[in-house]
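**Q**
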Amino acid sequence: MKKNFLLSLAFSLVWLFVSVCFAIGWGREASYFLSPVYVWWAIIGIALLPGFLMSMMFFSNLLHWTRKEYPETDLDTTVIMCAYNEEANIARAIHAIFNQNYAGRIRLIVVDNRSTDKTKEIIEAQRKLCTPRRCLEYAYCETPGKANALNCGLKLVCTRYFLTVDADTFLERSAAYDEPHRVPKMCVRRRKSFCREHPKNHNHANADLRLFTEHCRC
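Residue 178 in full-length UniProt numbering sits at position 178 of the sequence shown, with consecutive numbering throughout.
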């Protein structure tokens, strides 16, 4: 702890020295028009001192940062993906699920919510990607609405952990591994609707992913 503090202090002093070197020229030029006391009071109070404190915070956080490591797990996980006319995105979304760096078995259930395009055909074509640890299943929901499609998919869940994701969302490779550790005690009712819309420009965000545990005592 003391070592990191001294290192952050040393880096901040270096930053302050460089800043002072630049500020000397500004101070001299400004002193031709204003009082030198006022000029240097402004430079120190507005630029140098706040910059020094911010650099201390930055280097301190940088030196104390460590990547959070989670224990390895191979628990079976189910992913529910609701789709409505997603022929443009569904294949890439499925690939993102299958390419997760997760040791356990992932069962992907794609719930087709009355799509009128080639969503079903594309889903069926992706079955060739299935492996012993990556399974793809197709389900059809007759009742319109994302909440209904989610409830349809929930009826098919038989694993302890499951996730829901939109068909236009492309998960990061570590999403299925990280989320169960980040939200270990989230509890919901299985028949409850879990619908939350998100902007189209957030397709790559991990924040849209929601995790729920099927068996949980509140």
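Virtual Cβ for every residue (Gly too), placed ideally from N, Cα, C.
Just so we're clear, the structure is a prediction, and the values are computed from it rather than from any experiment.
(1) Just tell me which of His-64, Met-56, Ser-19, Ser-55 has its CA closest to the CA of Ile-44.
(2) Going straight from the alpha carbon of Leu-171 to that of Tyr-38, what length do you get?
(3) Could you check where the beta strand (DSSP E) with Phe-162 kicks off and where it finishes?
(4) What are the boundary residues of the beta strand (DSSP E) that Met-88 is part of?
(5) May I ask you to list the residues that DSSP assigns as paired with Ile-106?
(6) The alpha helix (DSSP H) with Ser-55 in it runs from where to where?
(7) Between which two residues does the alpha helix (DSSP H) containing Ser-8 stretch?
(8) Among Ile-80, Glu-124, Tyr-161, which has the Cα closest to the Cα of Thr-73?
(9) Going straight from the alpha carbon of Phe-17 to that of Ile-90, what length do you get?
(10) Nearest to Asn-85 by alpha carbon, out of Cys-21, Thr-143, Leu-129, Thr-119?
(11) DSSP puts Ala-96 in a beta bridge; with which residues?
(12) Between the C-alpha atoms of Pro-50 and Ser-60, what's the straight-line distance to the nearest angstrom?
(13) Let me confirm a value: Gly-153 is counted as buried when at least 16 other C-beta atoms fall within 10 Å, else exposed. Which label applies?
(14) Verify whether the separation of the beta carbon atoms of Ala-149 and Cys-141 is less than 8 Å.
**A** Looking at the coordinates:
(1) Position 44 of the sequence shown, counting from 1, holds the residue named residue 44. Ile-44 has its Cα closest to that of Ser-19, out of His-64, Met-56, Ser-19, Ser-55.
(2) As a working mapping, residue 171 is identified with position 171 in the sequence shown. As a working mapping, residue 38 is identified with position 38 in the sequence shown. Going by the C-alpha atoms only, they are around 54 Å apart.
(3) In the sequence shown, counting from the first residue as 1, residue 162 sits at position 162. Residues 161–166.
(4) Taking the sequence shown and counting its residues from 1, one reaches residue 88 at position 88. For the sequence presented, residue 88 should be read as Ala rather than Met. Here Ala-88 belongs to no beta strand (DSSP E), and DSSP marks it neither H nor E.
(5) Your numbering for residue 106 matches position 106 in the sequence shown. BP columns for Ile-106 point to Thr-77, Arg-134.
(6) In the sequence shown, counting from the first residue as 1, residue 55 sits at position 55. Its alpha helix (DSSP H) spans residues 49–64.
(7) By 1-based counting over the sequence shown, the position of residue 8 is 8. 2–31 is the span of the alpha helix (DSSP H), which, as asked, contains Ser-8.
(8) Within the sequence shown, the letter at position 73 stands for residue 73. The residue with the shortest Cα to Cα distance from Thr-73 is Tyr-161.
(9) In the sequence shown, the residue the question calls residue 17 occupies position 17. In the sequence shown, the residue the question calls residue 90 occupies position 90. Answer to the nearest angstrom: the Cα atoms are 54 Å apart.
(10) Counting from 1 along the sequence shown, the entry for residue 85 is found at position 85. When only C-alpha atoms are compared, the closest one is Thr-119.
(11) As a first step, residue 96 must be located in the sequence shown, where it is residue number 96. For Ala-96, which the question treats as bridged, DSSP gives no partner whatsoever.
(12) For the purposes of this step, residue 50 is taken as the residue at position 50 of the sequence shown. For the purposes of this step, residue 60 is taken as the residue at position 60 of the sequence shown. Approximately 15 Å between the Cα atoms of the pair.
(13) Within the sequence shown, the letter at position 153 stands for residue 153. So Gly-153 ends up on the buried side.
(14) Residue numbering aside, residue 149 sits at position 149 when the sequence shown is read from its first letter. Residue numbering aside, residue 141 sits at position 141 when the sequence shown is read from its first letter. Taking 8 Å as the Cβ cut-off, Ala-149 and Cys-141 qualify as a contacting pair.
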